[in-house]
Amino acid sequence: MAEFLLVLIAAVVVGAIGFGVSLLITGDDPGIEGHEPDGRAVPLPSSRPLVEGDVGHVRFDTTLRGYRMAQVDAALRRAGYDIGYKEELIQVLEAEVKALRDGRSEDADALRDAREAAITGAGGSNVTLEKTPPAAPAADADADVISDTDAAATPEDGTANSWGLPSDETWGSPSPVVK
1 MAEFLLVLIA AVVVGAIGFG VSLLITGDDP GIEGHEPDGR AVPLPSSRPL VEGDVGHVRF
61 DTTLRGYRMA QVDAALRRAG YDIGYKEELI QVLEAEVKAL RDGRSEDADA LRDAREAAIT
121 GAGGSNVTLE KTPPAAPAAD ADADVISDTD AAATPEDGTA NSWGLPSDET WGSPSPVVK
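Just so it is clear: in the sequence shown, position 38 is 38 by full-length UniProt numbering, and no numbers are missing.
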């Protein structure tokens, strides 16, 4: 056992001498360099709706405890807003298809106009629809999609959007799809 320790110590000494000689030959040891961030923060685009690749390209500044919470919160609010907007748009499309299948062309036209206004970003006011009664009693069995979205999107006191947040938040307001 003593021989093994003697060989181990000799190997460490030879390694240290070799390292010292290499420092003398090559110049100086740069030492530990200062920490530089991995890169600049890359936020989500604010000029257009999000696409799948935007979430993969987002980058946050790092701090001592991790990512900057304000940047992460802003990105999550933006992603949540876009997801909610697209869900509302899907509900409007489903309601438009249902109205066309039920023969309610006036409702389908109003839904189409609301959808086109929401896509082009025109108008900040909400479109109000009047429901027409279904023609056949069999249609009563199916729940009308418009009434489901009305209940979910309109808060009781009118001060919050469909996510329960005040509508005067800085990150956006509810979409002008259908109320």
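Every residue gets a Cβ at the ideal spot worked out from N, C-alpha and C, and that includes glycine.
| Item | Value |
| --- | --- |
| Confirm, please, whether the CB-CB distance from LEU93 to ALA118 is below 8 Å. | no |
| Confirm, please, whether the CB-CB distance from GLU96 to LEU111 is below 8 Å. | yes |
| Who are THR63's beta bridge partners in DSSP? | GLY66 |
| So, does the segment 54–63 touch the segment 13–23, judging by three or more C-beta pairs under 8 Å? | no |
| Where DSSP assigns a beta bridge to VAL42, which residues make up the other side? | ARG59 |
| Pull up the distance between the alpha-carbon of VAL13 and that of GLY66, whole angstroms please. | 41 Å |
| Per DSSP, what kind of secondary structure is THR149 in: helix, strand or coil? | Residue confidence for THR149 is low, a pLDDT of 41 falling below 50, so the modelled location carries little weight; the figure read from the coordinates is stated next. Residue state, collapsed to three classes: helix. |
| Would you mind working out which of ARG68, ILE83 and ARG104 sits nearest ARG40, comparing C-alpha positions? | ARG68 |
| Alpha carbons only, please: which of ASP102, PHE4, GLY27 and ILE83 is nearest the one belonging to VAL51? | ILE83 |
| Just the C-alpha distance for THR62 and VAL42, rounded to the nearest angstrom, thanks. | 12 Å |
| Any idea if ALA75 is buried or exposed, counting beta-carbon neighbours within 10 angstroms, 16 or more meaning buried? | buried |
| When you compare only the Cα positions, how much space is there between ALA16 and MET1? | 23 Å |
| Where does the unbroken alpha helix (DSSP H) through ARG115 begin, and where does it stop? | 105–120 |
| Given that a residue counts as buried once 16 or more other Cβ atoms are within 10 Å of its Cβ, and exposed if not, what is SER125? | Caution applies to SER125, whose pLDDT of 45 falls short of 50 and renders its modelled position unreliable; the value that the coordinates give is listed next. Exposed: under 16 other Cβ atoms inside 10 Å. |
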